[in-house]
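Below is one structure, written out as structure tokens, with a few remarks after it.
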Amino acid sequence: MTMAILSVRALKRARTRHPIAVFVIRRLLALVALALGISLVSFVLTHLVPGNPAVANLGQQASNDPAAVHAFEARYGLDKPLPEQYVIYVGHLLHGDLGVSEQTQRPVLTDMVSYAPPTAELALTAMFIAVVVGVGLGLSAALRHNGWLDRTVRIFTLVGVSIPIFWFALLALYIFYLRFGILPGVGRLAPTVQPPPTVTGFATIDSLLAGQWSTFVDAVSHLILPAVVLAAPVTSLITRFARAAVLEVLGNDYVNAARAKGLPTHTVLLRHVLRAALSSIITVAGLALANVLTGTVLVERIFSWPGIGQYAYNSAINLDLPSIMGATLFVAIVYTLTNLVVDVLYTVIDPRVRLA
Amino acid sequence: MTALLEVRRLGVTARPDTAPVTIVEDVSFTMERGEVLGLAGESGSGKTMTALALMGILPAQSRATGEVRFADEDVLKLRGRALRQIQGRRIAMVFQDPSSALHPMLTIGRQMTEHMRHHLGIDRRDSEQRALDLLDQVRIPDPKAALKAFPHQFSGGMRQRIQIAIALACEPDVLIADEPTTALDVTIQAGVLRLLDGLRRDRGLAVLLITHDLAVLSALADRVVVMYAGRIVESCAVKELATGNRHPYTRALLSSLPRPDARGPALVPIGGTPPSPAARPPGCAFNPRCDFAVDACASAVPPLVEIGQGHHSACPLDPFADGGPR
Amino acid sequence: MRIRNVGVLAGLLSFVSIVAACGSTGSSAGSGSSGSTLVVDSKFSFTSKDADPARGGVDFTAVPLFHAMYDTLLTFANNDYTKPVASLASSFTPSADDKTFTFKLRKDVTFSNGDPMTSADVVFSFLRLQNVKDTPSYLMAGVTSVTAPDTSTVVIKTASPDPALPFVLTNPAMAVTNAKQLQAHGGTDAQDGSKTDSATSWLGTASVGTGPYVLKSYSASAQVVLTANPHYWGPNKPHYKTVVYSAVDPDTQALNIRRGTNAVALDIPTTQASGMKSLHGLSVQLFSSPISLFLFMNSNPAISSTAANPDIQNAVRYGLDYTGLISLAGPGSARAAGIVPPGFLGALPQSDAIKTDLAKAKQYVQHSGIQNPTLQLHYQTGTSAIVQTLASRIQSGLAQVGITVTLTPQSAIVGLQDYRAGKDAMGLFNWAPDYPDPNDYLAFIPGGTVGLRAGWPASANPGLAAQAAAAASTTVDRDRGAKYVALQHELNLASPIYPLVFPGESIVSTSNLSGVQFSSVWYLDFSQIKNK
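Shown next as structure tokens:
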């Protein structure tokens, strides 16, 4: 009783002193509940798919053999009633055990650890390109509202969002790899290049850590094409939003006021204009990250990129339930954390925003 | 003696290359040190555009013509660093809407000190000390806390005073104040006006006071320029405004305003609406709304002619000369 | 500077920085450049399951790896798949009843870690395969015992006469693995191996075979790197120091190979590949895959009385536009004269294939008495592009004889389930040979695996079932071949399963390579490839 009162008081005190920390902790607790909810939904969905994992995994001969099917089902607990399977799954989940992949025969968590960094490396690079180019173009277009640059950018963004990513990937490969040979083809490293020892799982960072300069250059050059292809649609998205946001900001007197103060142009643009447009840009960047993660499924396939996208794809076509669940949870948690980061950033950027 | 600021035949054209629209045309006036010049007119008469042109911050798609002489330079021809050394440093501006003229995401302290540090080359501590003095001067309670606060934490009146403090930070020679009191209630209005009046007396600050409120003008200004549809229609000393006005528009503007003494004739709103810059009528732009218009009014733009000592009018008719409906 | 100019500059700068980054890395483009590395592009997705011969085994995209890392007791030579020859076993002797097989092992074979190979390794490998009860375990189906009377002799006994056993032993899943090493990493050949064996994930990091190459590394579903086995026992030492087996989307393989050296691409669509014949520096091979595409109609009236009607079945048999289907299947494709692929024992010559006879087909339709016969054709999407094309052609072809076919494409996972449960009225599916012996095609007889899927139990045609059983247990090879030829003639006339086509496939390689040769068992033998 006293404990409860004390903790309520402590909470209140903490809330007034560290509103962001309390907000983050509350959201992280909610995340745990959310993860359980997502696991239930995805568990039910994947088990509702009218396919049989044993049939999908065992070959044309073995799936006819009751002994092999039984061994498979016993191995993955598929012979138990569905609710019991879920309870067992959640029990393991709470201990950080995501089960064993039927495909790779490794713990799903181990798979995640090896497949997530390549995706993160690709997605973060794509996001970096998309934000830098998108904000740059959006800002330029807005400052030249209705000018030739603005019109060009509008066409560019229209093409960017409507271009099929698959086609764009092949076109980019054809031009930069086959035709002119200025960029390497698919994969993370050239086949003859020895991968650096894994520390972060990012080929670029790991090669730098290992002091292998040529490996680093190779990793970066392999990263460019898939990242640009992945970035193209979201660059358009960010450009459009940034342009609209900057246009809206430019209509405010505080921009005129900043210019009337005689401040250098870059100060006006960066500190005043972009700062004000930042919350819109961050909102769209959060959305864009979701788009980028979706895009990785296709881009990773075309560019032979060993990431979560390929892992999820291969798991899905083989009905590898533990892996599907693992990938789903992973993506859901990334989405939720992104949202959390966006919400926290709002409050950092805009003092008018109060955390609820 | 040369004037502090001299505006000669100022014109502002929007989209000069594609679909040109004249917004301000043939505006000329001068300002002396310590003088308060009122710039009056309805919304859309080109007052604010005139001010932005003087500041050198017209919107991207507009172009200014004519001359703005200040400190032996033509402000309109200045670019880059040379322009920025006048902006904020020697000519400063207070914007109309205090709710949008302060950056919502930057602290008051930053907004007060950034141009001080840029122009005056002083460090953070000195600029903050100076900001504290300024805030105190415009009567912001607890200036120390105010420096760390954001605009949304202040009332409209306080924000307006903060704006004025920001504008005054680099001790400019000219202050352009665009409707500085419109958003404020009467007591605060009076405070702001007193503040400006004091500055003009103490520092010799020249103030271009833009307003559609002739009552404010009569309280503070020395001279008044009345604009309509982008042109000056009448200019005179403020004491002549009420009694010696010549232009029908000036009179209409006066009649449409509440008088502080409340003894005059009942309010008479001006019939019709001011024309948009793209569709200004030929001849005298006021003629469709003018009670005294004759056919000739629609044929040519009447020039601004001197009709008395320091008194100019752009109406050749002088409809009130016979002691008519005054 | 005006405000807007800076904005333009910002935009330009961001572009320039990217372009500059592009330019600075130009030198590292291209794949497989050094003479000591061979790069093979495949559409495979490698998992550690695929590195364990006892579990991965039979996937066509993984067999070249097994073949490079592991040897089998017997193998094939010179592309002759009708006669197994010695490999790890120097000789083998079947008993007169084909139920006991005695293998003498070579004594000079070492594993990649230098350990000598003994009969204990063979016994362990085979029993482990049997007991993990995974995908390839069926290969051990009829085997009752594997024993080692001495260190260089292995005896395999089967429950019934099994003349196909030597053929089965060539399958890459029958790899001989180092028992000591596997046991040290959780491998077991115990009966409860399906629960207790845990060596699979370790096998994703190292190989324990006697083959010319050893597993160096694999980066998950991107590439497998093999290096030459320093202890390789065979006469031909591996030519390349490193072989990189890359997972590359078929669409990008065509780009890769054109910039490659020492490079091979396995999955370029045949129409595209035949267009690449004119390109300088590439050599293109087109051949028919041993994976057959066949159509079946369900003979179980409970599923569809129309499909089960013998007249309708015959109408389809003679109404199919076989010639049109072959040309649609693209360059390299071959007509499936019978269900056994060309090159295998007992394969039918092309001339023995059923010929289209529309008049006969129409008569059958009329005779059936069924007005407007309508059939639902099930097939899997996403497996191969030509399946959809062929299904449409079957639809339009059978429309000419008055049979309406509605197309029911299904995803691979969902489609397989109904097909394997025998619930599809009409289906278009494929069969990959598990080992190059006609016994594998007993699946297509009444009561066989595929027969049952077509609602065709042994009781439906006891004569054919008996004929097949006789062919299966015939011991002398020549007679077996003849019996299978006769069996397929009968099947072609009576079966509700119609072999259609062996679809074309391609191997495109840079023309500086020799020895790039398709094999219907291990697909590609890396150790045969050399620089010219």
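Residue numbers (the numbering used here), protein chains in the order written: chain A, 2 to 357; chain B, 61 to 386; chain C, -1 to 530. Backbone N, C-alpha and C fix where the C-beta goes; we use that ideal spot for every residue, glycine too.
Around the C-beta of residue i, are 16 or more other C-beta atoms found within 10 angstroms, so that it is buried, or is it exposed?
i: tryptophan 149 of chain A; result: exposed
i: isoleucine 527 of chain C; result: buried
i: arginine 75 of chain B; result: exposed
i: aspartate 233 of chain B; result: buried
i: threonine 35 of chain C; result: buried
i: valine 276 of chain B; result: buried
i: serine 103 of chain B; result: exposed
i: aspartate 265 of chain C; result: buried
i: histidine 237 of chain C; result: buried
i: valine 154 of chain A; result: buried
i: valine 514 of chain C; result: buried
i: leucine 190 of chain A; result: buried
i: tryptophan 306 of chain A; result: buried
i: alanine 188 of chain C; result: exposed
i: isoleucine 21 of chain A; result: exposed
i: phenylalanine 304 of chain A; result: buried
i: valine 33 of chain A; result: exposed
i: valine 42 of chain A; result: exposed
i: threonine 3 of chain A; result: Low confidence applies here, because threonine 3 of chain A scores a pLDDT of 49, under 50, leaving its location unreliable; read the following figure in that light. Label assigned to threonine 3 of chain A: exposed.
Going by DSSP, what residues sit across from residue i in a beta bridge?
i: histidine 372 of chain B; result: B:Ser295 and B:Glu366
i: asparagine 428 of chain C; result: C:Leu291
i: threonine 125 of chain B; result: B:Gly71
i: glutamine 147 of chain B; result: B:Ile151
i: tyrosine 496 of chain C; result: C:Leu293
i: alanine 263 of chain C; result: C:Asp39 and C:Val506
Do residue j and residue i have their beta-carbon atoms positioned less than 8 Å apart in this structure?
i: glycine 101 of chain B; j: histidine 272 of chain B; result: yes
i: proline 234 of chain A; j: glycine 161 of chain A; result: yes
i: lysine 81 of chain C; j: threonine 59 of chain C; result: no
i: alanine 171 of chain C; j: proline 51 of chain C; result: yes
i: valine 252 of chain B; j: arginine 221 of chain B; result: yes
i: glycine 341 of chain C; j: serine 205 of chain C; result: no
i: glycine 332 of chain B; j: arginine 311 of chain B; result: no
i: arginine 260 of chain B; j: glycine 94 of chain B; result: yes
i: isoleucine 117 of chain B; j: asparagine 315 of chain A; result: no
Closer than 7 Å to a non-hydrogen atom of the ligand GDP - does that hold for the CB of residue i?
i: glutamine 369 of chain B; result: What this structure holds is no ligand at all, so the ligand GDP is not there to describe.
Residues of the region 113 to 125 of chain B in Cβ contact with chain A at a cutoff of 9 Å, in chain order, please.
Met115, Gly116, Ile117, Pro119, Ala120 and Gln121
At a CB distance below 9 Å, what residues from the region 31 to 57 of chain A approach chain B? Give them in sequence order.
none
Listed in chain order, which residues of the region 166 to 178 of chain A have Cβ atoms closer than 9 Å to some Cβ of chain C?
Phe167, Ala170, Leu171, Leu174, Tyr175, Phe177 and Tyr178
Pick out the complete alpha helix (DSSP H) segments inside the region 279 to 357 of chain C, 4 residues or longer, and give them in chain order.
303 to 306, 308 to 317 and 320 to 326
Using a Cβ-Cβ cut-off of less than 8 Å, list which residues of the region 249 to 262 of chain A approach chain B; keep chain order.
Asn253, Asp254, Tyr255, Asn257, Ala258, Ala259, Arg260, Ala261 and Lys262
Any beta strand (DSSP E) of 3 or more consecutive residues that is wholly inside the region 148 to 225 of chain C
151 to 156 and 211 to 217
Could you tell me which uninterrupted beta strand (DSSP E) segments, each at least 3 residues in length, are contained entirely in the region 58 to 121 of chain C, listed from first to last along the chain?
72 to 75, 78 to 84, 87 to 92 and 98 to 103
If contact means a Cβ-Cβ distance below 7 Å, which residues of the region 412 to 423 of chain C contact chain A?
Val412, Leu414, Gln415 and Arg418
Given a limit of 9 Å on CB to CB distance, which residues of the region 133 to 160 of chain A reach chain B?
Leu144, Arg145, His146, Asn147 and Gly148
Can you list, in chain order, the residues of the region 446 to 462 of chain C whose Cβ is nearer than 7 Å to any Cβ on chain A?
Thr447
Counting only runs that start and end within the region 220 to 259 of chain B, where is the beta strand (DSSP E) found for 3 or more residues in a row?
234 to 238
Between the region 266 to 291 of chain A and chain B, which residues of the former have CB atoms less than 9 Å from a CB of the latter, in chain order?
Thr266, Thr268, Arg272, His273, Arg276, Ala277, Leu279 and Ser280
Give the list of continuous beta strand (DSSP E) stretches no shorter than 3 residues that lie fully inside the region 287 to 345 of chain A.
none
With 9 Å as the C-beta to C-beta threshold (strictly closer), list the residues of the region 297 to 325 of chain C near chain A in chain order.
none
Using a Cβ cut-off of 7 Å, which residues of the region 231 to 252 of chain B contact any Cβ in chain A, in chain order?
none
Residues within the region 334 to 351 of chain A neighbouring chain B, beta-carbon criterion of under 7 Å:
Ile350 and Asp351
Could you pull out every unbroken alpha helix (DSSP H) segment of at least 4 residues lying fully inside the region 449 to 473 of chain C, listed in chain order?
460 to 471
Mind listing which residues of the region 228 to 246 of chain A have their C-beta closer than 9 Å to chain C's C-betas, in chain order?
Val229
Please list, in chain order, the residues of the region 255 to 267 of chain C that have any C-beta partner in chain A closer than 7 Å.
Arg256 and Arg257
4-residue-minimum alpha helix (DSSP H) runs that sit fully inside the region 225 to 258 of chain C, ordered along the chain
248 to 257
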